[in-house]
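Numbers 0 to 216, taken from numbering that gives the first Met the number 0, label the letters of the sequence shown in order.
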Amino acid sequence: MLVLFNKPYGVLSQFTSDGGRWQTLAPFIDLPNVYAAGRLDADSEGLLALTDNGVLQAMIAGASESRRAVHGTTGSPRTGVASRADQSRPGRVRATKTYWAQVEGVATDEHVSKLKRGVRLNDGDARATACKMLGDIAEPWPRDPPIRARQSIPTAWIELTLDEGRNRQVRRMTAAVGLPTLRLIRVAIGPWRLDGLATGAFRVIKDDAAFAALRAA
Numbered sequence: 000m001l002v003l004f005n006k007p008y009g010v011l012s013q014f015t016s017d018g019g020r021w022q023t024l025a026p027f028i029d030l031p032n033v034y035a036a037g038r039l040d041a042d043s044e045g046l047l048a049l050t051d052n053g054v055l056q057a058m059i060a061g062a063s064e065s066r067r068a069v070h071g072t073t074g075s076p077r078t079g080v081a082s083r084a085d086q087s088r089p090g091r092v093r094a095t096k097t098y099w100a101q102v103e104g105v106a107t108d109e110h111v112s113k114l115k116r117g118v119r120l121n122d123g124d125a126r127a128t129a130c131k132m133l134g135d136i137a138e139p140w141p142r143d144p145p146i147r148a149r150q151s152i153p154t155a156w157i158e159l160t161l162d163e164g165r166n167r168q169v170r171r172m173t174a175a176v177g178l179p180t181l182r183l184i185r186v187a188i189g190p191w192r193l194d195g196l197a198t199g200a201f202r203v204i205k206d207d208a209a210f211a212a213l214r215a216a
């Protein structure tokens, strides 16, 4: 199964505590044998995918997988472990991730162009596959606690799509163009969007439907 969860601020992408101040997924999701496909930082919000299928997990997390895996695998449906024949086939499947970032400052077309052209990070260059300003959008939902805001400095919302998932990548990219991120919400993973899913809620998609959505994406 594939679980799409709208992760609130302050929640880890795991079921066990790390001994710190953040909550875990346990109070929100009571389903057996599902694990996060990729991660979403505790101080970020939005769409988190979880699954009990190893092939889905690898594809959504961005790991290298065979193109055949999208169309099904001869491996175990529970573990999602592909056969050697499947694993040896060329190709790379990766679900893109789309984010809304509330940034400090006035976003301009030049900022958007820089993010699409690519910026230099300490672990290499990074670029958004798509990026646009969102204008005066309404706050998706109140955050608890609210963002740190300074009355004299405006904020703006921008949308970025990435085809990779480095540690705190969106925050580092916006900072590199002079727009520190104050709030970060993941609104889409591959073909799946939040689509009105309430914060703290989840919905379940069967494996067949999940693979079909990836085939069509």
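Where is the CB? At the ideal position from N, CA and C, for every residue including glycine. As the structure is a computational prediction, the values presented were derived from the model and not from experiment.
Short check: CB of leucine 47 to CB of isoleucine 204, under 9 Å?
no
Residues in its own chain within less than 8 Å of glycine 104 by CB, not counting five upstream and five downstream?
Ile152, Pro153, Thr154, Ala155, Gly177, Leu178 and Pro179.
Are the CB atoms of threonine 128 and lysine 115 within a distance shorter than 9 Å?
yes
Report the partner residues of glutamate 103 according to the DSSP bridge assignment.
Per DSSP, Thr154.
What do you reckon, are the CB atoms on leucine 213 and proline 190 nearer than 9 Å?
yes
Alpha helix (DSSP H) containing arginine 214: first to last residue?
206-215
Could you spell out where the beta strand (DSSP E) holding isoleucine 188 opens and where it closes?
180-188
For asparagine 166, is the classification buried or exposed, using 16 other Cβ atoms within 10 angstroms of its Cβ as the cut-off for buried?
exposed
Is it buried or exposed, alanine 200, if we count other Cβ atoms within 10 angstroms and call 16 or more buried?
exposed
To the nearest angstrom, report how far apart alanine 41 and alanine 208 are at their CA atoms.
29 Å
Classify aspartate 124 as helix, strand or coil using the three-state DSSP reduction.
In the displayed model, aspartate 124 falls within a strand according to three-state DSSP.
Expressed to the nearest angstrom, what Euclidean distance is found between the alpha-carbon atoms of aspartate 143 and asparagine 5?
14 Å
If arginine 147 and leucine 181 are in contact, beta carbons under 8 Å, what's the gap, nearest whole angstrom?
6 Å
Since glycine 53 is in the alpha helix (DSSP H), which residue starts that stretch and which ends it?
53-60
For aspartate 29, which residues in the same chain have their Cβ closer than 6 Å to its Cβ, ignoring the five residues on either side in sequence?
none
Taking only three categories from DSSP, how would you classify methionine 0?
coil
Skipping 5 residues on each side, what residues in its chain have a beta carbon closer than 7 Å to that of arginine 38?
Ser12
Measuring only the C-alpha atoms, how far is threonine 50 from arginine 149?
40 Å
Looking at the strands, I want to know which residues DSSP matches up with asparagine 5.
Per DSSP, the beta-bridge partners of asparagine 5 are Leu46.
Any Cβ of chain B within less than 9 Å of the Cβ of aspartate 17?
Here there is only one protein chain, and chain B is not present.
Quick test of your reading: glutamate 163 and glycine 61, contact by CB under 8 Å. State the CB separation rounded to the nearest angstrom.
By a beta-carbon distance limit of 8 Å, glutamate 163 contacts glycine 61. Their separation comes to about 6 Å.
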